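This report concerns only the one structure given below.
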Amino acid sequence: MTERCGFEILGHCERPPVTSQAGAVGDQSFTEFSSSFSANQPLKQAVILSAQYGINVFVLGLVLMLAGTFHRAGVTQEHILAYLSTLMAIQLAWMLWYFSGRHGKRVLLTEKDEHAGPRWLRGGLTLFATLSLVLDMFKIGYYVGYSSCLTAVKGVYPAIHAVHTLSQVYFLWFHAKDIIQAFQMIGRFGMIHSVFTNLLLWVNSIIAESKHQLNDHKKRLAGHGFANLTMEKAGPNCSCTIHVCAAFYKASYYMYPFSIEYHVLASAMLYIMWKNVGRKLEHRSPQKLVFKTRPNILPGPVLGAAVFATTIGILVVYSLQAGHSKDHRLSAVTMFYLYSMIVLGLMSAASTTGLVIYRIDKRSMDYSKNPTRKLDGQLLASTACASWLLSWCSVLAAVSAQSRPHSTWLSLPLSTLAIVEKSVQNMFIVESLHRKQDDGEEEAGRLKGTSDRPGTSPPRCGIVNKTLEGVERQLCCAAAPPQSPEDRSSSVCSEQLPSPRAAGSFPPASFRQTGNLHKTRVILKNIAAFLFLCNISFWILPAFGAWPQFDNGLEENVYGFEAWILIVNLAMPFAIFYRMHASSALFEVFCAI
Numbered sequence: 004m005t006e007r008c009g010f011e012i013l014g015h016c017e018r019p020p021v022t023s024q025a026g027a028v029g030d031q032s033f034t035e036f037s038s039s040f041s042a043n044q045p046l047k048q049a050v051i052l053s054a055q056y057g058i059n060v061f062v063l064g065l066v067l068m069l070a071g072t073f074h075r076a077g078v079t080q081e082h083i084l085a086y087l088s089t090l091m092a093i094q095l096a097w098m099l100w101y102f103s104g105r106h107g108k109r110v111l112l113t114e115k116d117e118h119a120g121p122r123w124l125r126g127g128l129t130l131f132a133t134l135s136l137v138l139d140m141f142k143i144g145y146y147v148g149y150s151s152c153l154t155a156v157k158g159v160y161p162a163i164h165a166v167h168t169l170s171q172v173y174f175l176w177f178h179a180k181d182i183i184q185a186f187q188m189i190g191r192f193g194m195i196h197s198v199f200t201n202l203l204l205w206v207n208s209i210i211a212e213s214k215h216q217l218n219d220h221k222k223r224l225a226g227h228g229f230a231n232l233t234m235e236k237a238g239p240n241c242s243c244t245i246h247v248c249a250a251f252y253k254a255s256y257y258m259y260p261f262s263i264e265y266h267v268l269a270s271a272m273l274y275i276m277w278k279n280v281g282r283k284l285e286h287r288s289p290q291k292l293v294f295k296t297r298p299n300i301l302p303g304p305v306l307g308a309a310v311f312a313t314t315i316g317i318l319v320v321y322s323l324q325a326g327h328s329k330d331h332r333l334s335a336v337t338m339f340y341l342y343s344m345i346v347l348g349l350m351s352a353a354s355t356t357g358l359v360i361y362r363i364d365k366r367s368m369d370y371s372k373n374p375t376r377k378l379d380g381q382l383l384a385s386t387a388c389a390s391w392l393l394s395w396c397s398v399l400a401a402v403s404a405q406s407r408p409h410s411t412w413l414s415l416p417l418s419t420l421a422i423v424e425k426s427v428q429n430m431f432i433v434e435s436l437h438r439k440q441d442d443g444e445e446e447a448g449r450l451k452g453t454s455d456r457p458g459t460s461p462p463r464c465g466i467v468n469k470t471l472e473g474v475e476r477q478l479c480c481a482a483a484p485p486q487s488p489e490d491r492s493s494s495v496c497s498e499q500l501p502s503p504r505a506a507g508s509f510p511p512a513s514f515r516q517t518g519n520l521h522k523t524r525v526i527l528k529n530i531a532a533f534l535f536l537c538n539i540s541f542w543i544l545p546a547f548g549a550w551p552q553f554d555n556g557l558e559e560n561v562y563g564f565e566a567w568i569l570i571v572n573l574a575m576p577f578a579i580f581y582r583m584h585a586s587s588a589l590f591e592v593f594c595a596i
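Right, here's the structure in full:
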């Protein structure tokens, strides 16, 4: 068959003849499907059973914490700590089994998920875990000082938590990428138990920090003349024996934000491991995320660093002025609102610019199965709902309030900006995580590999379109057998083969495309770096006590003191976590661009 560059049917793909054994083949396929379906049933049941087990463990813990917080059903803090200590002990026993089985070659691991547990995420987890260990040391020191009047569980709990933290960090640092293929039932139950244990520890830390924030707010209100406020007792009914118990008590609350982030990061990584149990990966070369600094990537980090430094100053000034007179408190709230509006406006503009670049630079999207990327998008959308709840409550309060303080007219545009900023930023992060490698680089590499090996192109089967690209057409015609002058003059190749001058114009176009891609990448890297530092800044402010929702007085007048306190204490932890998770996702985007 003569090779041509027009429409042609390549005849090297032979179709197997249809024989009378088609019925037997169909029966065999049905038998294989039935056996495969039966074999997968225990695995599917393990997923459902383990999920139900974890949810019930979590719900029981929530019930105990709610009853203990509101002093109902005879549940005390000791009961809650005993339950959490038991869960941590069970997880420690499971991790010990996993370590022994892993090193004893009994738990066979055939593959690793290269997307799970990147090194920078494990490094952040280690940092938060270290500060969480400092919190445990403060609690142990506090217990030693009041050991004569505190129950033993309050000393055992921080000790078990410290051992649990060290073991879990080791487990996640060296095994976060593992895909369990053997003992899947035990693996799933152990993973889901670990996930919900960390979530309960996260909730327990949130409740402790919220109590501290609420007591501080009540103290400020009492200092301003408000009465009928019930203050929770700060310490036990005995004297401290080491004279530093008050320092341990006050310093511990500065460590709670790090403990909260540690447990939620650990639960997310363990959830990915639970999803990966028994998973069959697509055999693709993973994209390795490498942190690189370039001299032309400066505006984003510099502007973000300026925002970060200003944030520290705002936090210090706000903390000093919020506890003074009403005028000082309102001036601190006004300063906070003006600063937040400026930064949120810049963040919205940066995210919008990134989305516009993505609309112009049309690259293919990566829709391959990736539990880590899917969880990132779900967490961003779900935790942003908490911030949207607070923002819409502030919008409604600003519109319907009878008496409006001076900060009311700033609260309305700030809340609107917060809603827009999170919406646009979520779109930018999710689209960035789903972007494939630059098409220009992939095409250049593909053409280079093809031109180096023109004779090793894979055989084709079926109908080949005549409208080929210039380079593929050249390769096709170059592979054709020699022709006579008469045939060459009338051949399709002679009509469509570009001149040497035209053919030589391809590399400069490729270089221009590469240059445009480089400029686009630099802009996107600056945007990601700026948004990363801004999200870190907005995590620091509420994590360390800058809650203007308690100090502006607007929402309390509209919704009532108790209702607004409940809304803020429920929504604020998720809003804080949103900023930290957005920061981690943006760092991944920065490395991937």
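Under the numbering used here, the residues of the sequence shown are numbered 4 to 596, in order. For each residue, glycine too, the CB sits at the ideal point set by N, CA and C. Nothing here was measured: the structure is a model prediction, and the numbers come from that model.
Checklist entry - Which class does K372 belong to by DSSP, given the choice of helix, strand or coil? => result Numbered from 1 along the sequence shown, position 369 holds the residue referred to as residue 372. Residue state, collapsed to three classes: coil.
Checklist entry - Just to confirm, are R438 and H118 a CB contact at a threshold of 8 Å? => result Looking up residue 438 in the sequence shown gives position 435. Looking up residue 118 in the sequence shown gives position 115. No, the pair does not count as a contact, with Cβ atoms beyond the cut-off.
Item to check | Given N429 as reference, the closest of C388, L393 and L399 once Cα atoms are compared | outcome: For the purposes of this step, residue 429 is taken as the residue at position 426 of the sequence shown. Selected option, being the one with the closest Cα: C388.
Next on the checklist: Let me check understanding here. Comparing Cα to Cα, which of L217, L347, Y146 and G316 lies closest to K425?
Outcome noted: Locating residue 425 in the sequence shown gives position 422, where the first residue counts as 1. For the residues L217, L347, Y146 and G316, the minimum Cα distance to K425 belongs to L347.
Next on the checklist: Between which residues of its own chain and F431 is the CB-CB distance below 6 Å, once the five residues before and five after are set aside?
Outcome noted: For the purposes of this step, residue 431 is taken as the residue at position 428 of the sequence shown. Taken in chain order, the residues that qualify are S354, G357 and L358.
Item to check | Backbone secondary structure at R605 - three-state DSSP | outcome: Examination of residue 605 is not possible in this model, given that the chain is present from 4 through 596 alone.
Checklist entry - What do you reckon, are the CB atoms on F261 and S540 nearer than 8 Å? => result The sequence position of residue 261 within the sequence shown is 258, counting from 1. The sequence position of residue 540 within the sequence shown is 537, counting from 1. Going by C-beta atoms, F261 is not nearer than 8 Å to S540.
Checklist entry - In terms of alpha-carbon separation, which member of L417, S334 and M575 lies closest to G548? => result Mapped onto the sequence shown, residue 548 falls at position 545. Considering only alpha carbons, the answer is M575.
Item to check | Nearest to V433 (by Cα), restricted to the options A132, A249, D379 and S390 | outcome: To locate residue 433, count along the sequence shown from 1; it is residue 430. Residue D379 is the option with its Cα nearest to V433.
Item to check | Alpha carbon of N240 to alpha carbon of C152, nearest angstrom | outcome: For the purposes of this step, residue 240 is identified with residue 237 of the sequence shown, where counting begins at 1. For the purposes of this step, residue 152 is identified with residue 149 of the sequence shown, where counting begins at 1. Near 7 Å, if we compare the C-alpha coordinates of C152 and N240.
Item to check | Cβ contact check for the segment 206–213 and the segment 119–130: 3 or more pairs under 8 Å | outcome: no
Checklist entry - Under a three-way DSSP split, which group does R438 fall into? => result For the purposes of this step, residue 438 is identified with residue 435 of the sequence shown, where counting begins at 1. Three-state result, R438: strand.
Checklist entry - Going by the CB atoms, is the gap between T154 and A132 shorter than 8 Å? => result For the purposes of this step, residue 132 is taken as the residue at position 129 of the sequence shown. For the purposes of this step, residue 154 is taken as the residue at position 151 of the sequence shown. No, Cβ-Cβ distance for A132 and T154 is not below 8 Å.
Item to check | CB of V280 within 8 Å of CB of R191, strictly | outcome: Numbered from 1 along the sequence shown, position 277 holds the residue referred to as residue 280. Numbered from 1 along the sequence shown, position 188 holds the residue referred to as residue 191. Yes.
Item to check | Three-state secondary structure assigned by DSSP to D181 | outcome: Indexing the sequence shown from 1 puts residue 181 at position 178. In this structure, D181 counts as strand in the three-state DSSP scheme.
Checklist entry - Looking at the structure shown, is K115 part of a helix, part of a strand, or coil, going by DSSP? => result Residue 115 sits at position 112 when you count from the first residue of the sequence shown. Strand at K115.
Checklist entry - Does the beta-carbon of M194 have 16 or more other beta-carbons within 10 angstroms, so that it is buried, or is it exposed? => result Along the sequence shown, one-based indexing puts residue 194 at 191. Buried.
Checklist entry - Out of I570, L436, L415 and A162, which has the shortest C-alpha to C-alpha gap to D369? => result Counting from 1 along the sequence shown, the entry for residue 369 is found at position 366. Considering only alpha carbons, the answer is L436.
Item to check | Distance, M276 Cα to A92 Cα | outcome: As a position in the sequence shown, residue 92 is number 89, starting the count at 1. As a position in the sequence shown, residue 276 is number 273, starting the count at 1. Roughly 20 Å between the two C-alpha positions.
Next on the checklist: For the segment 559–577 against the segment 313–332, do three or more pairs of beta-carbon atoms, one drawn from each stretch, fall closer than 8 Å, so that the two count as touching?
Outcome noted: no
Checklist entry - Where does H246 land, buried or exposed, given buried means 16+ other C-beta within 10 angstroms? => result For the purposes of this step, residue 246 is identified with residue 243 of the sequence shown, where counting begins at 1. With fewer than 16 Cβ atoms within 10 Å of its Cβ, H246 is classed as exposed.
Checklist entry - In three-state terms, what does DSSP make of Y149? => result Here residue 149 corresponds to residue number 146 of the sequence shown, with the count starting at 1. Y149: coil per DSSP, three-state reduction.
Checklist entry - For S418 versus S394, is the C-beta distance shorter than 8 Å? => result Residue 418 sits at position 415 when you count from the first residue of the sequence shown. Residue 394 sits at position 391 when you count from the first residue of the sequence shown. Yes, they are a contact pair.
Item to check | Spatially closest choice to L84 from Q187, G158 and Y101, by CA coordinates | outcome: By one-based count along the sequence shown, residue 84 stands at place 81. With distances taken between Cα atoms, L84 lies closest to G158.
Next on the checklist: Quick test of your reading: W205 and S270, contact by CB under 8 Å. State the CB separation rounded to the nearest angstrom.
Outcome noted: By one-based count along the sequence shown, residue 205 stands at place 202. By one-based count along the sequence shown, residue 270 stands at place 267. Correct: roughly 7 Å between the Cβ atoms.
Checklist entry - So is Y160 buried or exposed if we call it buried at 16+ other beta carbons inside 10 Å? => result Taking the first residue of the sequence shown as 1, we reach residue 160 at position 157. Classification of Y160: buried, given that the 10 Å Cβ count is 16 or more.
Checklist entry - With distances taken from CA atoms, which of S88, V66 and T89 is nearest V78? => result Translated into positions along the sequence shown, residue 78 becomes position 75. Per the Cα distances, V66.
Checklist entry - Going by other Cβ atoms of all chains shown within 10 Å of its Cβ, with 16 needed for buried, is R515 buried or exposed? => result Locating residue 515 in the sequence shown gives position 512, where the first residue counts as 1. Reliability of the predicted coordinates at R515 is poor, the pLDDT of 47 falling under 50, and the value obtained from them is presented with this limitation in mind. Classification for R515: exposed.
Item to check | Cβ neighbours of A578 in the same chain (closer than 6 Å, five flanking residues each side left out) | outcome: On the sequence shown, residue 578 is found 575 positions in, with the first residue counted as 1. So the qualifying residues of the chain are A389 and S390.
Checklist entry - How many Å lie between V423 and K283 at the Cα? => result For this step, residue 423 is matched to residue 420 along the sequence shown. For this step, residue 283 is matched to residue 280 along the sequence shown. Computed Cα separation, rounded: 39 Å.
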